[in-house]
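Residue numbers (UniProt numbering): 1 to 177.
For glycine and all other residues, C-beta sits at the position ideal for the given N, C-alpha and C.
Input: a single structure, listed below in structure tokens.
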């Protein structure tokens with residue numbers, strides 16, 4: 001039994017993909033990177049079979065999978081650090097944008113540092129767990145977010161959240177008097 005699939009289910013999946021595997025091994029078809037990403041994220045029985053058979057025949061396959069697996073682990077680290085928000089984060093889109101940013105020349109460490117700064121920025125302005133935190137997909141889609149310094153202070157710039165925080169502090173002080 002493979003991921004809850006019976007031998008009969010696996011045989012049906014195998015029949016559908018046997019030609020693809022044969023052509024890949026013979027070198028007449030190239031399996032796109034998207035396929036490898038889906039293989040590791042979805043864990044379908046069909047992809048498990050293809051993964052196993054290709055890995056047996058192709059020495060470079062394991063290197064590709066290791067590279068993809070490392071990107072997925074790095075992205076999971078970013079997800080843990082990214083500030084929480086109300087509503088969804090659109091992680092699938094964020095992962096696609098993350099891969100594009102890596103191709104653009106950003107390193108994982110640089111992206112990690114920017115997200116840590118953004119998390120501190122959101123916490124300082126009381127944005128965490130609100131809709132005012134950018135969705136991770138939106139954040140990763142714009143390269144300018146990765147070059148911006150997300151400071152804890154607004155350097156005199158007025159914004160609604162800062163005004164609300166000042167108003168709350170003023171009301172609290174007046175209530176104490």
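When only Cα atoms are considered, residue 122 and residue 133 end up about 7 angstroms apart. About 6 angstroms separates the Cβ atoms of residue 78 and residue 112, confirming a contact at the 8 angstroms cut-off. Remark: C-beta atoms of residue 136 and residue 94 approach each other more closely than 8 angstroms. With a 10 Å radius around the Cβ and a threshold of 16 neighbouring Cβ atoms, residue 89 comes out buried.
The DSSP-derived three-state label of residue 121 is helix. Using a Cβ distance threshold of 8 angstroms, residue 116 and residue 72 do not count as a contacting pair.
Leaving aside the five residues that flank residue 140 on each side, the residues in its chain whose CB is nearer than 7 angstroms to its CB run, in chain order, 94, 97, 98, 101. With a contact defined as Cβ atoms closer than 8 angstroms, residue 108 and residue 145 miss out at about 15 angstroms.
A direct Cα-Cα distance of roughly 17 angstroms separates residue 138 from residue 106. DSSP places residue 97 in the uninterrupted alpha helix (DSSP H) bounded by 91-103.
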